[in-house]
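Reviewing the structure listed below.
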Amino acid sequence: MFDLRKIVRTNIKNLKPYSSARDEYFGEAKIYLDANENPEGTVNRYPDPYQRKLKAALSNLKRVAEEQIFIGNGSDEAIDLLFRVFCKPGEDQAMTFSPSYGMYSVSAAINDVELITVPLNEQFNIVKEAIEPILKRPQLKLIFICSPNNPTGNIVPISLIEEILQSFQGILVIDEAYIDFSATESLLSLINSYPNLVILQTLSKAYGAAGIRIGMAYAQKEIIELLNRVKPPYNVSSINQDRALDVIKNQLGFKENLTNIILEKERLFKALSDACKIENVFPSEANFLLVKCKGEASELYHQLLKSGIVVRNRSNVIPNALRITVGSKTENDELIKIMNQ
Ligand SMILES: *Cc1c(COP(=O)(O)O)cnc(C)c1O
113 MFDLRKIVRT
123 NIKNLKPYSS
133 ARDEYFGEAK
143 IYLDANENPE
153 GTVNRYPDPY
163 QRKLKAALSN
173 LKRVAEEQIF
183 IGNGSDEAID
193 LLFRVFCKPG
203 EDQAMTFSPS
213 YGMYSVSAAI
223 NDVELITVPL
233 NEQFNIVKEA
243 IEPILKRPQL
253 KLIFICSPNN
263 PTGNIVPISL
273 IEEILQSFQG
283 ILVIDEAYID
293 FSATESLLSL
303 INSYPNLVIL
313 QTLSKAYGAA
323 GIRIGMAYAQ
333 KEIIELLNRV
343 KPPYNVSSIN
353 QDRALDVIKN
363 QLGFKENLTN
373 IILEKERLFK
383 ALSDACKIEN
393 VFPSEANFLL
403 VKCKGEASEL
413 YHQLLKSGIV
423 VRNRSNVIPN
433 ALRITVGSKT
443 ENDELIKIMN
453 Q
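For our numbering, add 112 to where a residue sits in the sequence shown, where the first one is 1.
Below is the structure:
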């Protein structure tokens with residue numbers, strides 16, 4: 113049976129978190145003389161350390177309890193905090209897959225945690241037999257699965273995820289940064305059934321708000337409480353909290369934009385499949401397309417750069433592959449034009 117107390121680092125379990133002025137009093141008062149703030153100005157007050165308004169809106173939208181939500185300075189902050197809460201530097205291990213999102217290995221290295229990187233197969237799927245013996249290791253505390261995966265664009269089947277959740281004694285993190293672009297449903301509702309599941313989402317992609325650095329971690333309240341303990345008290349600025357509320361409330365704009373991007377992706381998929389410089393376009397449930405070039409990927413990469421278009425060269429992880437974000441109609445037209453030259 114999964115036991116959260118067994119896998120939390122002892123120093124975090126025993127931590128007495130910093131108590132800010134806004135932790136000790138969070139009601140509505142007439143006069144605030146408790147936080148050494150300046151009485152003048154427009155952003156003179158410290159922000160709500162627990163982002164309550166934002167969580168209320170997310171709770172309503174996502175149908176999860178407010179105490180099941182953590183908000184970070186981007187989901188990258190949540191990734192770092194998960195290492196800090198669960199992995200003892202120099203001792204514990206984490207696992208992820210290759211190719212996948214680069215932040216998992218950077219965050220592991222910063223925290224001095226050994227990251228086991230299991231290669232995906234030719235179809236970019238997880239090989240169950242390859243991970244089974246690793247799952248049994250007592251030092252393995254964290255697993256990162258990105259679904260839809262960056263940069264391959266495919267979804268990890270729910271059956272495999274549930275199998276891991278049932279047998280693994282550590283924390284399974286599903287990074288759903290691209291889930292809104294996918295026809296597959298989010299696994300968010302599973303957090304109520306599994307005490308070892310963390311779901312990451314973000315406002316950086318489908319919500320079009322990468323600049324305000326808002327990432328969410330959803331899990332049962334015991335895990336959320338641990339993340340809150342370790343985070344910097346005021347990790348999300350009041351300006352960003354306000355903007356995030358506006359972004360979330362504009363569901364009509366969100367859906368319209370999402371439909372556009374998905375239509376543009378389908379158009380781009382066809383155009384790139386026909387382009388003479390491209391050998392193959394992989395199907396994608398995200399807002400990018402992974403393409404295999406006919407010749408050297410770096411050649412095409414530099415050709416595009418000369419025309420002012422930057423894409424991501426992924427040929428170090430997948431031979432001759434470029435990852436291309438779906439842009440606006442005019443941006444995509446320009447890309448297609450150059451691809452056909
Ligand atoms: C873009 C991306 C994120 C988003 O990170 P933020 O810090 O929230 O901007 C998270 N995970 C993956 C796999 C991504 O590609």
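Ideal placement from N, C-alpha and C gives every residue a C-beta, glycine not left out.
Asked: Identified DSSP bridge partners for residue 424; Found: 435
Asked: Exposed unless 16 or more other CB atoms sit within 10 angstroms - verdict on residue 266; Found: buried
Asked: Span of the alpha helix (DSSP H) around residue 274; Found: 270-279
Asked: Residue 404 in three-state terms, based on DSSP; Found: strand
Asked: Residue 442 in three-state terms, based on DSSP; Found: helix
Asked: C-beta atoms of residue 319 and residue 159 nearer than 7 Å; Found: no
Asked: Residue environment, residue 451, which counts as buried when at least 16 other CB atoms sit within 10 Å; Found: buried
Asked: Spatial neighbours of residue 295 in its chain, beta-carbon cut-off 8 Å, leaving aside the 5 residues before and after; Found: 397
Asked: Neighbourhood of ligand 1 [Cβ distance below 6 Å to any heavy atom], ordered by chain position; Found: 186, 187, 188, 213, 258, 262, 287, 289, 314, 316, 317, 322 and 327
Asked: For residue 256: DSSP bridge partner residues; Found: 285
Asked: Residue 342 to residue 241 span [Cα, whole Å]; Found: 35 Å
Asked: Assigned secondary structure, residue 356 (DSSP; H/G/I helix, E/B strand, else coil); Found: helix
Asked: Residue 321, DSSP secondary structure in three states; Found: coil
Asked: Contact belief for residue 190 with residue 309 at Cβ below 8 Å, rounded distance in angstroms; Found: Between residue 309 and residue 190 the Cβ distance is about 14 Å, and since that is not below 8 Å, they are no contact.
Asked: Which residues DSSP lists as bridging residue 210, in chain order; Found: 231
Asked: Boundaries (first-last residue) of the beta strand (DSSP E) holding residue 328; Found: 326-330
Asked: Which residues DSSP lists as bridging residue 122, in chain order; Found: Paired residue(s): none; residue 122 is not in a bridge.
Asked: Own chain, CB closer than 6 Å to residue 385, minus 5 neighbours either side, in chain order; Found: 393
Asked: Ordered list of beta strand (DSSP E) runs contained in the region 138-179, each at least 3 residues; Found: none
Asked: Sequence ranges, beta strand (DSSP E) only - wholly within the region 361-405, length at least 3; Found: 390-393 and 400-405
Asked: Contact set for residue 168: own chain, Cβ-Cβ below 8 Å, skip 5 residues either direction; Found: 178
Asked: Simplified DSSP assignment, three categories, for residue 198; Found: helix
Asked: Per-residue DSSP class, three states only, for residue 340; Found: helix
Asked: Three-state secondary structure (DSSP) of residue 239; Found: coil
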